[in-house]
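Just so you know, the sequence shown maps onto residues 3 to 146 in my numbering.
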Amino acid sequence: MKNRQRKDRKREKGFTLVEIMIVLALVVMLGSYAGVKLIGMFNKGKQDIARTQIAGFGQALQAYYLAHSYYPTTAQGLQSLISKPSVGKIPENYPEGGYLGKKEVPKDPWGNDYRYACEDGQNFTITSAGPDGQEGSADDIKSE
């Protein structure tokens, strides 16, 4: 009888392989779920950064418009917010340091250039190709 009680106690001290496997499976499932959520939050953060940068370009373009009564042309692009344009309609009183206060036009959060279009001098569109980097796809982010 004493020998049997000792064997029972030894079995109770540890976990079985099945129990360990179940716990590991649960930890992996929870980790995967958390990882997917974190990646989604990271991508949303990049989209928010792109929207904020586009809004900043919009404000700089409004300042350009107020000073010159027209927006830069498509050919002049966003570079006209950094340095005085040398093609198309050349603004007379271009401020030193430009309208963005930067040395170069920032790229979108995915490392691509923003696209700027202004055909009539009165309306413009700024677009980021979004996470997939493909122009004209559903995940593009545009100015409003």
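Virtual Cβ for every residue (Gly too), placed ideally from N, Cα, C.
All figures in this text were calculated on a predicted structure; none of them were measured in a lab.
query: Name the residue from W112, G138, A119 whose alpha carbon lies nearest to the alpha carbon of F44.; result: W112
query: What do you get for T54, buried or exposed, if any count of 16 or more other CB atoms within 10 angstroms of its CB means buried?; result: exposed
query: Skipping 5 residues on each side, what residues in its chain have a beta carbon closer than 8 Å to that of K48?; result: P111, W112, P133
query: Could you give the residue range of the alpha helix (DSSP H) that holds T54?; result: 19-70
query: Quick check: the Cα distance between Y118 and M31, rounded to an integer number of angstroms?; result: 44 Å
query: Give the DSSP-derived three-state secondary structure of S130 in the structure shown.; result: strand
query: Please return the same chain residues whose Cβ sits closer than 7 Å to the Cβ of D141, not counting the five positions on each side in sequence.; result: G132, P133, D134
query: Can you tell me where the beta strand (DSSP E) holding Y118 begins and where it ends?; result: 117-119
query: Assign I24 to one of two classes, buried (16 or more other C-beta atoms within 10 Å of its C-beta) or exposed (fewer than that).; result: exposed
query: Is it the case that the Cβ atoms of R68 and V107 are separated by a distance below 8 Å?; result: As written in the sequence, residue 68 is Leu, which differs from the Arg given in the question. Taking 8 Å as the Cβ cut-off, L68 and V107 do not qualify as a contacting pair.
query: What separation, rounded to the nearest whole angstrom, lies between the Cα atoms of K104 and E98?; result: 11 Å
query: Just tell me which of S145, E121, I22 has its CA closest to the CA of T129.; result: S145
query: Rounded C-beta distance between C120 and Y66? I'm assuming under 8 Å.; result: No, C120 and Y66 are not in contact; Cβ-Cβ is about 10 Å, not under 8 Å.
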